[in-house]
Amino acid sequence: MRLPAEAADEAARGLLGWRLTANGVTVRLTEVEAYSGLGTDPASHAHRGPTNRNAVMFGPAGRLYVYQIYGMYNCLNVVCGEEGVAAAVLLRAGEVVDGVDRARERRPTVKADRDLAAGPGKLTQVLGLDRSAYGTSVVDGTGPLTITPPPAPIPEELIESGPRVGVTSAHDLPWRFWIKDDPTVSAYRRHVPRRRTGTPAHGG
DNA sequence: GGGCCGATCAAG
DNA sequence: TTGATCGGCCCA
691 MRLPAEAADE
701 AARGLLGWRL
711 TANGVTVRLT
721 EVEAYSGLGT
731 DPASHAHRGP
741 TNRNAVMFGP
751 AGRLYVYQIY
761 GMYNCLNVVC
771 GEEGVAAAVL
781 LRAGEVVDGV
791 DRARERRPTV
801 KADRDLAAGP
811 GKLTQVLGLD
821 RSAYGTSVVD
831 GTGPLTITPP
841 PAPIPEELIE
851 SGPRVGVTSA
861 HDLPWRFWIK
871 DDPTVSAYRR
881 HVPRRRTGTP
891 AHGG
């Protein structure tokens, strides 16, 4: 894979099937999302320009952008694109292929193995990672998370795409990618704006 | 300095 | 469908 050279969506597709290893657990990546950089993608955390939080996105490719969400979960992104572009791939879900015991210790409430890493917060939890991994490299072996390519690339016809999850803008952009029919892919939920008064949320 | 809300998850 | 829980970012 040519992480630095590729646009966010190409890097995202290319990462499907890769193995993520950290703290005794290995996950096969089954779902990702692409986020483009400054000015081009309103859903990207880098959209409004560099801040203390997103600074790593503006640096070289192959480093981890970790952010906390909803006060209690962390999400993993791999920075891609040329330095200064600030694009990244959100690692959304995967299948635990090694270290299932340790994974279950970290997520004691889970029932089926396929749910161990079936979402971005879950994936981070299972790998035993948090914001302390911010800025570390996944490509030079110095960081807690390492990535290795699949035995064979995922065939094009097994890759599906659609709108990103929980994203309020750019719903026309099919920048969520997943492996067709894989049971570990997170359930898609269309973004629903927080409702002020008693308007029914269902219908249609 | 204050207020709002999010690239989520699990339980009812 | 909803509560948990808090940092980042906008506005004043």
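Note that our numbering has the first sequence beginning at 691, numbered continuously upward. Don't be surprised by glycine CBs; every beta carbon is placed ideally from N, CA and C. Since we're looking at a predicted model, the values are computed, not measured.
Give a yes or no on whether the C-beta atoms belonging to residue i and residue j are separated by under 8 angstroms.
i, j, result
"E785", "R804", "yes"
"Q789", "V769", "Here residue 789 turns out to be Gly, not Gln, going by the sequence shown. Taking 8 angstroms as the Cβ cut-off, G789 and V769 do not qualify as a contacting pair."
"L781", "L848", "no"
"T657", "A793", "Outside the shown range of the chain (691 to 894) lies residue 657, about which nothing can therefore be said."
"M747", "A783", "no"
"S859", "A733", "yes"
"V857", "Y878", "no"
"V816", "V715", "yes"
Over what stretch of residues does the beta strand (DSSP E) that includes residue i continue unbroken?
i, result
"T977", "Within the shown structure, residues of the chain are numbered from 691 to 894, placing residue 977 beyond reach of any answer."
"L784", "Leu is not the amino acid found at residue 784; the sequence shown has Gly there. Where G784 is concerned, the enclosing beta strand (DSSP E) stretches over 777-788."
"L754", "754-759"
"V717", "715-725"
"L710", "709-712"
"E850", "849-852"
"R866", "866-869"
"L817", "From DSSP, L817 is part of no beta strand (DSSP E); its letter is neither H nor E."
"L766", "763-770"
Between residue i and the rest of its own chain, which residues show a CB-CB distance below 8 angstroms, the 5 nearest in sequence each way excluded?
i, result
"D820", "V756, N764, T814"
"K801", "none"
"P830", "The sequence shown places Asp at residue 830, not Pro. These residues qualify, in order along the chain: G752."
"R743", "H735, Y757"
"N767", "Y725, M747, L754, Y755, V756, Y757, A778, V779, L780, L781"
With a threshold of 7 angstroms on Cβ separation, who are the neighbours of residue i within its own chain once the five nearest residues in sequence on each side are excluded?
i, result
"D699", "A724, W865"
"D791", "none"
"L719", "L705, L706, G707, W708, L710, L781, G784"
"P834", "A712, N713, L819, A823, T826"
"V775", "G727"
Please go through the same chain and pick out, in chain order, the residues whose beta-carbon is closer than 6 angstroms to the beta-carbon of residue i, but skip the five residues on each side of it.
i, result
"V717", "L710, G784, V786, A807"
"P913", "Outside the shown range of the chain (691 to 894) lies residue 913, about which nothing can therefore be said."
"H861", "P853"
"G811", "Y763"
Starting from residue i, follow the alpha helix (DSSP H) in both directions and report where the run begins and ends.
i, result
"G739", "No alpha helix (DSSP H) holds G739; DSSP gives it neither H nor E."
"E700", "698-705"
How do the segment 697-717 and the segment 841-855 stand: do at least 3 beta-carbon pairs fall below 8 angstroms, yes or no?
yes
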